[in-house]
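Asker:
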Amino acid sequence: MLTDTKIPFRYIIKQIRFDIARVFLVSVFFQMLKYYFSSYLPPIPVQLPTILGSAISLILAFKINQSYDRWWEARKVWGAIVNDSRSLLIQAKGFMEEDRLISETPQEVLKRIGYRQIAWCYSLGQSLRGLDPVANLQQYISAEELTYLEGHKNKPLALLALHNQELKDLRQQGVFGAYEHVQLATMLVRLCDSMGMAERINSTVFPVTYRLFIHLFIYLFLIVLSLGLVETIGLTEIPILLALASTFFLLEKTAKYLQDPFRNRPTDTPVTVISRTIEINLKQLLDEKQVPKPVAAESFYLM
Amino acid sequence: MLTDTKIPFRYIIKQIRFDIARVFLVSVFFQMLKYYFSSYLPPIPVQLPTILGSAISLILAFKINQSYDRWWEARKVWGAIVNDSRSLLIQAKGFMEEDRLISETPQEVLKRIGYRQIAWCYSLGQSLRGLDPVANLQQYISAEELTYLEGHKNKPLALLALHNQELKDLRQQGVFGAYEHVQLATMLVRLCDSMGMAERINSTVFPVTYRLFIHLFIYLFLIVLSLGLVETIGLTEIPILLALASTFFLLEKTAKYLQDPFRNRPTDTPVTVISRTIEINLKQLLDEKQVPKPVAAESFYLM
Amino acid sequence: MLTDTKIPFRYIIKQIRFDIARVFLVSVFFQMLKYYFSSYLPPIPVQLPTILGSAISLILAFKINQSYDRWWEARKVWGAIVNDSRSLLIQAKGFMEEDRLISETPQEVLKRIGYRQIAWCYSLGQSLRGLDPVANLQQYISAEELTYLEGHKNKPLALLALHNQELKDLRQQGVFGAYEHVQLATMLVRLCDSMGMAERINSTVFPVTYRLFIHLFIYLFLIVLSLGLVETIGLTEIPILLALASTFFLLEKTAKYLQDPFRNRPTDTPVTVISRTIEINLKQLLDEKQVPKPVAAESFYLM
Amino acid sequence: MLTDTKIPFRYIIKQIRFDIARVFLVSVFFQMLKYYFSSYLPPIPVQLPTILGSAISLILAFKINQSYDRWWEARKVWGAIVNDSRSLLIQAKGFMEEDRLISETPQEVLKRIGYRQIAWCYSLGQSLRGLDPVANLQQYISAEELTYLEGHKNKPLALLALHNQELKDLRQQGVFGAYEHVQLATMLVRLCDSMGMAERINSTVFPVTYRLFIHLFIYLFLIVLSLGLVETIGLTEIPILLALASTFFLLEKTAKYLQDPFRNRPTDTPVTVISRTIEINLKQLLDEKQVPKPVAAESFYLM
Amino acid sequence: MLTDTKIPFRYIIKQIRFDIARVFLVSVFFQMLKYYFSSYLPPIPVQLPTILGSAISLILAFKINQSYDRWWEARKVWGAIVNDSRSLLIQAKGFMEEDRLISETPQEVLKRIGYRQIAWCYSLGQSLRGLDPVANLQQYISAEELTYLEGHKNKPLALLALHNQELKDLRQQGVFGAYEHVQLATMLVRLCDSMGMAERINSTVFPVTYRLFIHLFIYLFLIVLSLGLVETIGLTEIPILLALASTFFLLEKTAKYLQDPFRNRPTDTPVTVISRTIEINLKQLLDEKQVPKPVAAESFYLM
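Here the protein sequences come in this chain order: E, F, V, H and A. Position 4 of the first sequence, counted from 1, bears residue number 11 in the numbering used here, the numbering being contiguous throughout. Position 21 of the second sequence, counted from 1, bears residue number 28 in the numbering used here, the numbering being contiguous throughout. Position 94 of the third sequence, counted from 1, bears residue number 101 in the numbering used here, the numbering being contiguous throughout. Position 292 of the fourth sequence, counted from 1, bears residue number 299 in the numbering used here, the numbering being contiguous throughout. Position 205 of the fifth sequence, counted from 1, bears residue number 212 in the numbering used here, the numbering being contiguous throughout.
(1) For L195 (chain H) and L177 (chain H), which I take to be in contact (beta-carbon distance under 8 Å), what is that distance rounded to the nearest angstrom?
(2) For V231 (chain F), collect the residues of the same chain with a Cβ closer than 7 Å to its Cβ; drop the 5 residues on either side in sequence, then sort them by chain order.
(3) Does DSSP classify L257 (chain E) as helix, strand or coil?
(4) According to DSSP, simplified to helix, strand and coil, what is Y308 (chain V)?
(5) Is T243 (chain V) near the ligand ATP - that is, is its Cβ less than 8 Å away from at least one heavy atom of it?
(6) Tell me the DSSP secondary structure of L108 (chain H) in three-state form.
(7) Check whether the Cβ atoms of L174 (chain A) and W127 (chain A) sit closer than 9 Å, and answer yes or no.
(8) With a threshold of 9 Å between beta carbons, is W127 (chain V) in contact with chain F?
(9) Can you list, in chain order, the residues of its chain whose CB lies under 6 Å from that of L292 (chain A), leaving out five sequence neighbours each side?
(10) Check whether the Cβ of M8 (chain E) lies closer than 9 Å to any Cβ atom in chain D.
(11) Y75 (chain F) versus chain E: which residues are under 8 Å apart at the beta carbon?
(12) So what does DSSP say about L9 (chain E), is it helix, strand or coil?
(13) Using a beta-carbon distance cut-off of less than 7 Å, what residues from the region 241-262 of chain H approach chain A?
(14) Could you tell me whether the Cβ of F102 (chain E) comes closer than 9 Å to any Cβ of chain F?
(15) With a Cβ-Cβ cutoff of 9 Å, do D267 (chain F) and R24 (chain F) count as a contact?
(16) Three-state secondary structure (DSSP) at N143 (chain H)?
(17) Taking 7 Å as the limit between beta carbons, can you name the residues of its chain near V182 (chain F), skipping five residues before and five after?
(18) Measure how close the beta-carbons of L258 (chain V) and F220 (chain F) come, nearest whole angstrom, since I'm counting them as under 8 Å.
(19) Kindly indicate which three-state DSSP category E157 (chain V) falls into: helix, strand or coil?
(20) Using the rule of at least 16 other Cβ atoms within 10 Å of the residue's Cβ for burial, across every protein chain shown, is S46 (chain E) buried or exposed?
(21) Could you compute how far the alpha carbon of Q73 (chain A) sits from the alpha carbon of F256 (chain E)?
(22) Taking only three categories from DSSP, how would you classify A99 (chain A)?
(23) Nearest chain A C-beta to Q297 (chain E) closer than 9 Å, yes or no?
(24) Could you tell me which chain F residues have their CB closer than 7 Å to the CB of T284 (chain E), listed as they occur along the chain?
(25) Any Cβ of chain F within less than 9 Å of the Cβ of A87 (chain V)?
(26) Could you name the residues of chain V that I58 (chain F) contacts, counting a contact when the two beta carbons are closer than 7 Å?
(27) Strictly below 9 Å CB to CB, what residues from chain E border R82 (chain F)?
(28) Can a CB atom of chain E be found closer than 9 Å to the CB of G184 (chain F)?
(29) Y129 (chain V) to L144 (chain V), Cα distance in whole Å?
(30) Give the interface partners of L55 (chain E) over in chain F, defined as CB-CB distance under 8 Å, in chain order.
(31) Here's a check: name, in chain order, each residue in its chain whose Cβ is nearer than 7 Å to the Cβ of W85 (chain V), leaving out the five neighbours to either side.
(32) By the 10 Å Cβ neighbour count, where 16 or more other Cβ atoms means buried, how is Y147 (chain A) classified, buried or exposed?
(33) Measuring CB to CB, does A150 (chain H) end up less than 9 Å from H159 (chain H)?
(34) Restricting to Cα atoms, I'd like to know which of V:K13, V:D26, V:D11, V:M8 is closest to S253 (chain V).
(35) Considering only their Cβ atoms, is the gap separating Y308 (chain E) from M8 (chain E) smaller than 9 Å?
(36) Among the residues of its own chain, which have a CB less than 6 Å from the CB of R93 (chain E), if the five just before and after it don't count?
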């Protein structure tokens, strides 16, 4: 997530440098065309650029809105993960009949559940970004659990299965009643839903044809505009076309980045920051004294 | 679902080839009309194409947005199917009192439920696309169950009925308590909801009159524009009109394809891919060693 | 619901024939005005029609979107009715403790519930459309139940009350446990919600002032445009104004029809078709051999 | 809620009569300015009114959409109240173990609950509109309950508290089981949610600055347009400006009225009509013979 | 929340005073440029400002809509908090088996729960605004509870943990049954969800690049317009440019303020007012005689 601080100019330009280069070549080419063959070029009706312009803004507006919706939905999903992580631990604590525990203290059991939940958050975040989903998990789960994860392709799902097994064992010891057990299992369903939603956003490609059309239309628009501006021949036209085209490409690029919020980019949903917040919250609910610091912003963004 | 790779130019052109041909004929016809009868033609006020143009973009914008919503809703429905399939198996495992099972091992029962759930996903996907809904199901369900399906028109619904019967039998053996049973039945309600939502999207025709109007307006617009461009007579006008019309037809066609995401087309919701993911996830939850590979992309799309 | 087949031209024209006639009269009147009093008419600034045009598209766009939302919501409500009808029967079957039934077979009880549910769907559909809500219900419910309905103004609500009474009786016989009973009662709440939503859409008039303004603006626009086109006097202007006005009136009319999807019109939500689908599904869940055919399309629409 | 019948012209004009008067004064003033000082007035670039015009439509479109959403949400909330009122009574009837009642007949208890629910609806409607929230309640609740209400500022909330107490008493007599009691309490939560939503819509002022800007822009637009129309000096200009301005003010006013649907105005959500419908439905569910008539429309609207 | 009263002109101007100053400098600079170097300046094609203008309104419209959604969502979250606070207390009262209480009266227990809930609301509001989250809490919770809060970073979460512990203790005394306990715990989950949603809105920065682009485009637009208005040189141009630019900046600023509704600004969601309403409602539900007054508006806004 980009923060409210100054965004480096370099960062913005870097995103559209290839498009700008291509626009520059196109402008120069049509400039030369007009210079040498102006008498052969057809007159362009004035409505044409306007119509193309409105077609471009039509699809751009659509794309900006829908990509924002994806980005905001991704954020909502991770907001729900925060809430459900906290509620899972609170409910486990509230529903536990401590005197039914045989070999462990309540605190140990809750800590294992809470830590596994922290592990799940980090693991899901890493896995969505295509990074190593078991990195650093050894701090939060036992060696046997890590071994169990090895056999699974979907690590966060395997962690939910471990949660499920733990709840079942506690239910069989009578630590949770039937009704409380079902309620806690419902929290796992909610976590499973959030995981699936994030995976859906991550694996669903935004209809690519729209992107193709935007690029097509922008180039068409530039050509038509260049041919239409018969009176202004010369170097002045090139910066004008560049400025206009950059406008459209910047908007399109921003939309594209919002669309895919789990790509390990500065515009990502800040899953590491959120996971750390969850870690702090859960550790405090476990009455631990040592809690980590929130993740600090890296220059102009939070990951 | 189209993937992020290069989409063949042929694929795009193929979709609007008839429209382009028709536009070509219209342009040529009006060109000749202007050539031979220019003095009889009325002057077209300059506002007319602009007003028609804004009417077109009005309905196009509406259609693009609503078709995207249908497409995204279809994807959400299948995302919910992924989540509920996983949760069904996780909950069945978590709620099962193993020592109440008489003639079977817990593993056998869970495998039957999990495999039937995989069958349900494939069957629903096939059935939505109008393909054979029992293709390959013999890998996942028993011969008797296949026979039971034969008598039913709605195969996925029949599979849910089998799920329901199984849960009832297990409840009567005491494998699930009353409360756990109701909870699992709720998962079936959720699956039934998702199935009904996908069927709704599939069977509801987008208001056809809007589509009709778009085509009507585009042709009206072309005629008016052609008559309005008095000064540009000749071959130059034809590519201009073709380019403009293709723009609108391409947008309309893309919207039309997104609207109906279960038509066995490259732009479909990738139900086979998703069903395979579910198969992999469920088999891993069943601790099976052999899991199939994810479906690979076919050139530029995933089914 | 209009189907994908060719819509008769007559059907479309019929909807706006009065508007076209009125526009024709207005055009002719202003034509004559311009012919006889052209020197007395004020010059119309060119911005005026454009500003009125954008005001029209502003409200038209708003109306098209909101009416589509109503139409889609109505369809969703009936989709939910499909799902809940199936789930009600599936759950009743799954939760029933058959050996607690005294005088009836499980099959008889389920059939009565299933058939009453079918009756509820048909009755709700008829009642929303302002048709006879007890037409043909004698096939599905007993004579006493029909008599009970007579005393009620809201027939579908009375059918839900009968469902409720039946579930209560079964609960008292111990056929359903307390927990299962509550779960089934929740399905009735969902059906009651869907019924109320459909009634809400049906009884809520879309803000009529917007409709009034659209008509007002279209006529203002025509007058202003007619006065503004000083150079084109004569018969050519009339078809141009007619074409433009028809555009706007067609869009407005389509929106108006989508807005009210239970008016016994071809653009209705196809409640009869959906009710029939539910009948087929429920009868197959009851393992009946005889199921009716789906409702066939009437020329270009499904009811 | 305005009905589909003819809306009196007077009603519409009345809403914008002050704005029209102000616009008239502004037009006359600038007319005179142009008449006496035309040589001192600056030339206005033609882009200026267009840019202001698009800024106006930008905010108007936004306001129309958001105010419709508020209006529709208010209607949905009252739709939910209809559903939950019916469900509450249906469930109370279905869950009641009649033989546990000591001093009362089941019919008496259900009537008390049903009538109190009717009272709640009327009271909420009155309270939202700023009218007397206990008007006519003596028909539906006992004298003691009326006395209890006196001490409370939020009468509908107090009625819910009475509902809650009644359910608790019945639970303690064993008329409702633990599970059924919780289910009925959930219905109270839903009613409490609906009440809170209606209060939220009622107490949240739509961002006033947008309204301010619209008015500001319309006047700016009129001044600029008036100065820009150099060629048309005289009386013709005034009706043109008036027509244009009325357009915008009418749209803004309609939006403003939709925004606040509980202000005792003809455009209100028809809470009295809805409450009467609930009264009819509940009395019929109580098998009463005497039911009131639906509220009739007052000339052109329903309250 | 700004109220419906007159907003001071000063307040509005203050928000954009720096932008206006910058626009003034830019206008003067380009004025002088045109005065001294007019022959060297390139002719600006008339389409350019129009295209930039539509790009600006594209992003402005997007931003206004999305910021309104955030603001409305924040208000909905606090509406849900009102509902759930009331429901929590109503349910606690309804579910309590008073004779199981050993050392306290029911009234004392309910008062403690209700007051802690009031404390939670105030604390959450303060914490969202970055103010002291334990200010004045000593009126509502005991000294030990205040001490417990000290160790926690997230005070409202710690208050929920105290709620949870209280419910658990009461459950162990048998004051709540298993089922009722789970139901009350669900209310805590809902409160935890609302808290997380408000935190999400508060901590998620709206995509900053869009804001950057709007500013960029407005300045580009001003430069281009200034260069394009060749015929109007002189002091007249400056107020025109200022008026136009202020329009856009005011819209952008209003959107920015709506976006972040917990910043201790007049445009905030009025969390103090809402918390006070909750306090009044809960105290009346506890049958207290002394209830505080609603928060009064401060000149033109409510906090």
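For glycine and all other residues, C-beta sits at the position ideal for the given N, C-alpha and C.
Answerer: Concretely, from the data shown:
(1) Not really, about 13 Å apart at Cβ, beyond 8 Å.
(2) I51, L55, P56, L59
(3) helix
(4) strand
(5) The ligand ATP is not among the ligands present in this structure, which contains no ligands whatsoever.
(6) coil
(7) no
(8) no
(9) L96
(10) The structure shown contains no chain D; the protein chains it does contain are E, F, V, H and A.
(11) Within chain E, F69, Q73, P214 have C-beta atoms less than 8 Å from the C-beta of Y75 (chain F), given in sequence order.
(12) strand
(13) Correct list: empty, as no residue qualifies.
(14) no
(15) no
(16) Note: N143 (chain H) maps to coil in three-state DSSP.
(17) M103, E104, R107, L108
(18) Between F220 (chain F) and L258 (chain V) the Cβ distance is about 7 Å, and since that is below 8 Å, they are a contact.
(19) helix
(20) exposed
(21) 21 Å
(22) Secondary structure of A99 (chain A) (DSSP, three-state): helix.
(23) no
(24) Within chain F, no residue comes near T284 (chain E); the closest Cβ sits about 24 Å away, beyond 7 Å.
(25) yes
(26) G60, L251
(27) R207, T211
(28) yes
(29) 8 Å
(30) The contacting residues are I247, L251.
(31) T276, V278, I281
(32) buried
(33) no
(34) V:D26
(35) yes
(36) N288
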